[in-house]
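Presented below is the structure to which this report refers.
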Amino acid sequence: MILVIGGTGDALDIACTLSELTENVTISTATEYGFEVSRDRFPGRIIFGKMDREDLKKYLQKEGITHVVDASHPYAENISRHAILVCQELGIDYVRFERPAWHQEGGAVLVCASYAHAADRAEQMTGNIFISTGINHVEEFVTRISDKKRLKIRVLPQSETILKLENLGLHADHIIAMKGPFSEEMNYLMFKEAGAAILICKDSGVQGGTDHKLTAAKHLGMTSIIIKRPDLAYPNQFEQITDLKRYFKELIE
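For this note's numbering, count along the sequence shown from 1 and bump the result up by 33.
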């Protein structure tokens, strides 16, 4: 029994790929939105809902899971930590799949260790700030950027997301509610329309559109601030789905 911990497009690709080898594949997602996206592509079992360490442990034991593929977002460090520890405790095979990290190829790019650090760096600069890190940790920017008029925040068009931004004192002029992925051209137009001088993003890899964002920002002469990935010691990691499939094929055969 294989559990694929979702949260990325890669997770869906992995679940579909592994289902070619065995029917015993389940994919999990933390949100109902992720459930709906998964249901459109994956014919197998899908579960959704956030799980803490104890929830995950109970689920793995109840369902008799023998292998966990952690394909959660590179910044979803809590679920990764939970999965590593629980799998070690239960003697379950843990495999991490993570997109290759971004590699700098010129342009004005700063790397920050945290959301707070990124916000503080942007506060010291001038010009509008285009934030494409999603809704999590958005309060770091709202509380640390003194002039809220500078903020342009791109998020998923979900009611709870918009409500959170409104509760933080932001309104329509600050919010771009759209679902990606976004091409380089689309990013370019959005950055230009926002009058942005600074881009703040995460290192989500090519699959997450990081390259498109940085290239568009470079063409506009913007400064880009990247929040580095959490530094976790994954025990068994893959970067290519073909390698992951080969790993499981050898186990199953």
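Think of the CB as a built atom: it goes at the ideal place given N, C-alpha and C, for glycine as much as any other residue.
By Cβ distance, which residues of its chain are closer than 6 angstroms to A48, with the 5 residues on each side in sequence left out?
By 1-based counting over the sequence shown, the position of residue 48 is 15. Taking C-beta separations shorter than 6 angstroms and ignoring five residues to either side along the sequence, the partners of A48 in its chain run V37, V58, I60, F75, following chain order.
Helix, strand or coil: how does DSSP classify Y66 here?
Counting from one through the sequence shown, the residue named residue 66 turns up at place 33. Here Y66 carries a helix assignment [DSSP, helix/strand/coil].
Count the other CB atoms within 10 Å of the CB of P107; is the residue buried (16 or more) or exposed (fewer)?
As a working mapping, residue 107 is identified with position 74 in the sequence shown. Around the Cβ of P107, a 10 Å sphere holds 16 or more other Cβ atoms; the residue is buried.
Comparing alpha-carbon positions, which option in E110, V128, I80, Q157 lies nearest V101?
Mapped onto the sequence shown, residue 101 falls at position 68. Per the Cα distances, V128.
Whether K246 touches L232 by CB criterion (8 angstroms):
As a working mapping, residue 246 is identified with position 213 in the sequence shown. As a working mapping, residue 232 is identified with position 199 in the sequence shown. Yes, the pair counts as a contact, with Cβ atoms nearer than the cut-off.
Would you say L253 and K225 are within 8 angstroms of each other, going by their C-beta atoms?
Position 220 of the sequence shown, counted from the start, is the residue given in the question as residue 253. Position 192 of the sequence shown, counted from the start, is the residue given in the question as residue 225. At the C-beta level, L253 and K225 come within 8 angstroms of one another.
If we call anything under 8 angstroms between Cβ atoms a contact, is A230 one with T194?
As a first step, residue 230 is located in the sequence shown; it is residue number 197 there, counting from the start. As a first step, residue 194 is located in the sequence shown; it is residue number 161 there, counting from the start. Going by C-beta atoms, A230 is not nearer than 8 angstroms to T194.
Contacts around I125, its chain only, beta-carbon distance under 8 angstroms, and the 5 residues preceding and following it disregarded
Looking up residue 125 in the sequence shown gives position 92. The answer, listed in chain order, is L93, I98, T99, H100, V101, V119.
Can you tell me the Cβ-Cβ gap for I162 and I178, rounded? I've got them flagged as a contact below 8 angstroms.
Position 129 of the sequence shown, counted from the first residue, corresponds to residue 162. Position 145 of the sequence shown, counted from the first residue, corresponds to residue 178. With 8 angstroms as the limit, I162 and I178 qualify as a contact, their Cβ atoms being about 7 angstroms apart.
Once the 5 residues before and after K197 are set aside, which same chain residues still bring their CB inside 8 angstroms of it?
Counted from its first residue, the sequence shown places residue 197 at position 164. Excluding five sequence positions before and after K197, the CB atoms of its chain that fall closer than 8 angstroms to its own CB belong to I168, V171, given in chain order.
List, from N- to C-terminal side, the beta strand (DSSP E) runs of 3 residues or more that fit wholly inside the region 97-162.
Secondary structure remark: continuous beta strand (DSSP E) runs of at least 3 residues inside the region 97-162, in chain order: 100-103, 126-130, 142-145.
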